[in-house]
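Every position in the sequence shown, counted from 1, becomes a number in my numbering once 1 is added.
Even glycine gets a Cβ: it sits at the ideal position worked out from N, Cα and C.
Structure first, then comments.
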Amino acid sequence: MTDATPPRPPLDPSSLDGVTGGRVSYEVEVVAAAPSTNALAAARAQQGAAEGLVITAEHQTAGRGRLDRTWETPDRAALTLSVVLRPEVEPVRWPWLPLLVGVSVARSLRAVGAPAELKWPNDVLLDGRKVCGILVERIESAGGPAAVAGIGINVSTTAGELPIDAATSLALAGLDVDRTTLLATLLRTLGQTYTDWLADPAALRASYVDLCATVPGRRVRVELPDGTSTTGTTRDIAESGGLVVATERGDMTVNAGDVVHLRAVEE
Ligand code: BT5
């Protein structure tokens with residue numbers, strides 16, 4: 002494998018004009034560089050931006066992960082975007098939004114030939130390695146709450162450019178994918194998946210489980226936000242979107258945390 006940087010053409014905003022998915026009509030803004038597209042989109046959502054605003058950066062210089070972690074991507078090697086959604090749903094349904102975005106990314110990657118899978122809650126894996134991270138934030142605004150769905154997909158990133166060993170890119174999986182084409186596919190798929198979920202929330206669970214490598218019957222270590230961790234065998238995805246794990250002390254439903262997929266030797 003060579004680590005030479007491949008050609009990295011810019012996004013072509015003109016071919017993203019008028020993209021729709023389900024009920025969502027997108028307005029795509031491409032910026033050359035930004036610290037974080039989620040921060041930009043959150044500020045716009047606070048100012049009342051409509052559903053369908055997309056901000057994508059050719060180079061994101063201070064990308065955010067969950068729990069104050071960072072997301073690192075070289076110039077034009079990745080898709081880094083944030084989408085404003087305004088779901089008129091009960092608060093109890095909001096935890097499904099990150100999972101919904103994961104389903105949309107996995108479906109889009111499969112559509113371009115990448116056999117993507119999900120790791121609960123919403124890492125997207127290729128060959129067991131992370132190819133995409135998702136950060137969904139809730140923003141309060143005068144027009145009601147908005148969801149900012151941040152998505153980072155490693156497209157042509159080389160092995161030497163990836164920040165961790167457990168990461169990969171579409172190129173490293175042998176796929177030469179045009180970022181503009183992938184972005185259009187992703188926006189269409191996300192809009193449709195979101196619209197279907199608004200109409201029939203229960204159906205998403207089966208789609209999620211189908212794409213998810215974490216359930217059922219997988220040995221996992223769950224790292225909880227309070228710093229403790231526990232091991233067990235996954236059973237299912239709960240109606241809340243949480244992960245049901247059978248542990249020595251009985252079944253537990255995890256609603257927030259990180260999951261490590263274990264092999265027997267790691268226990
Ligand atoms: C995530 O957090 O995976 C959410 C990442 C969301 C990034 C998008 S890009 C567009 C939008 N704007 C933003 O500012 N953010 C969103 P988490 O599960 O906490 O994972 C973060 C961890 O993933 C880091 O601590 C690294 O270990 C690893 N990581 C960082 N960059 C990576 C990359 N390019 N590929 C794979 N793993 C990476």
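What separation, rounded to the nearest whole angstrom, lies between the Cα atoms of residue i and residue j?
{"i": "Leu140", "j": "Ala148", "result": "The sequence shown places Ile at residue 140, not Leu. Each residue's Cα considered, the two are about 6 Å apart."}
{"i": "Arg108", "j": "Glu91", "result": "26 Å"}
{"i": "Arg189", "j": "Pro202", "result": "19 Å"}
{"i": "Ser26", "j": "Ser230", "result": "42 Å"}
{"i": "Arg70", "j": "Gly134", "result": "11 Å"}
{"i": "Gly218", "j": "Pro11", "result": "43 Å"}
{"i": "Thr169", "j": "Val106", "result": "15 Å"}
{"i": "Val84", "j": "Thr248", "result": "37 Å"}
{"i": "Leu100", "j": "Asp18", "result": "27 Å"}
{"i": "Ala172", "j": "Arg9", "result": "12 Å"}
{"i": "Asp127", "j": "Leu212", "result": "The question names Asp, yet the displayed sequence has Leu at residue 127. Those two C-alpha atoms are separated by around 12 Å."}
{"i": "Leu263", "j": "Gly233", "result": "10 Å"}
{"i": "Pro7", "j": "Trp72", "result": "21 Å"}
{"i": "Gln48", "j": "Ala204", "result": "33 Å"}
{"i": "Asp13", "j": "Thr158", "result": "19 Å"}
{"i": "Ala117", "j": "Arg250", "result": "33 Å"}
{"i": "Trp198", "j": "Arg87", "result": "13 Å"}
{"i": "Val210", "j": "Gly242", "result": "10 Å"}
{"i": "Asp76", "j": "Leu163", "result": "13 Å"}
{"i": "Tyr195", "j": "Gly228", "result": "33 Å"}
How is the alpha helix (DSSP H) around residue i delimited, first residue to last?
{"i": "Gln193", "result": "Arg180 to Ala200"}
{"i": "Arg45", "result": "Thr38 to Gln47"}
{"i": "Val156", "result": "Looking at the DSSP string, Val156 is not in any alpha helix (DSSP H), and its letter there is neither H nor E."}
Where do the N-terminal and C-terminal ends of the beta strand (DSSP E) with residue i fall, by residue?
{"i": "Gln61", "result": "Leu54 to Gln61"}
{"i": "Arg236", "result": "Ser230 to Ile238"}
{"i": "Ala78", "result": "Element bounds for Ala78: n/a, residue is neither H nor E."}
{"i": "Arg139", "result": "Arg130 to Ile140"}
{"i": "Arg111", "result": "Here Arg111 belongs to no beta strand (DSSP E); instead the alpha helix (DSSP H) covers Trp97 to Ala112."}
{"i": "Arg222", "result": "Arg220 to Glu224"}
{"i": "Leu126", "result": "Asp124 to Leu127"}
{"i": "Leu205", "result": "Per DSSP, Leu205 belongs to no beta strand (DSSP E); it is in the alpha helix (DSSP H), Leu205 to Leu212."}
{"i": "Val93", "result": "Segment: none, Val93 is in no beta strand (DSSP E) and carries neither H nor E."}
{"i": "Gly251", "result": "Gly251 to Val255"}
{"i": "Ser162", "result": "The question names Ser, but residue 162 in the sequence shown is Glu. Looking at the DSSP string, Glu162 is not in any beta strand (DSSP E), and its letter there is neither H nor E."}
{"i": "Val34", "result": "Here residue 34 is Ala; the residue named in the question, Val, does not match the sequence. Element bounds for Ala34: Glu28 to Ala35."}
{"i": "Glu73", "result": "Note, Glu73: premise wrong, no beta strand (DSSP E); not H, not E."}
Suppose contacts are defined by Cβ-Cβ distances below 8 Å. Is residue i in contact with residue j by that definition?
{"i": "Val137", "j": "Ala150", "result": "yes"}
{"i": "Leu244", "j": "Trp97", "result": "no"}
{"i": "Val31", "j": "Glu52", "result": "no"}
{"i": "Glu224", "j": "Asp252", "result": "no"}
{"i": "Ala35", "j": "Leu41", "result": "yes"}
{"i": "Gly23", "j": "Gly161", "result": "no"}
{"i": "Val104", "j": "Leu82", "result": "no"}
{"i": "Ala5", "j": "Ser37", "result": "no"}
{"i": "Ser16", "j": "Thr181", "result": "yes"}
{"i": "Thr57", "j": "Leu184", "result": "yes"}
{"i": "Asn123", "j": "Val102", "result": "yes"}
{"i": "Arg65", "j": "Asn39", "result": "yes"}
{"i": "Ala257", "j": "Pro226", "result": "yes"}
Contact check, residue i vs residue j under 8 Å by CB: the rounded distance?
{"i": "Gly153", "j": "Thr74", "result": "6 Å"}
{"i": "Ala78", "j": "Val156", "result": "6 Å"}
{"i": "Ala115", "j": "Leu176", "result": "6 Å"}
{"i": "Val221", "j": "Arg236", "result": "The Cβ separation is near 11 Å, so there is no contact."}
{"i": "Leu119", "j": "Val113", "result": "About 17 Å separates the two Cβ atoms, so there is no contact after all."}
{"i": "Ala46", "j": "Ser142", "result": "6 Å"}
{"i": "Ala167", "j": "Arg111", "result": "Not quite, the Cβ-Cβ distance comes to about 21 Å (not below 8 Å), so this is no contact."}
Check whether chain B comes within 8 Å of residue i, counting only Cβ atoms and requiring the distance to be less than that.
{"i": "Ala34", "result": "Of the chains in the structure shown, none is chain B; there is only one protein chain."}
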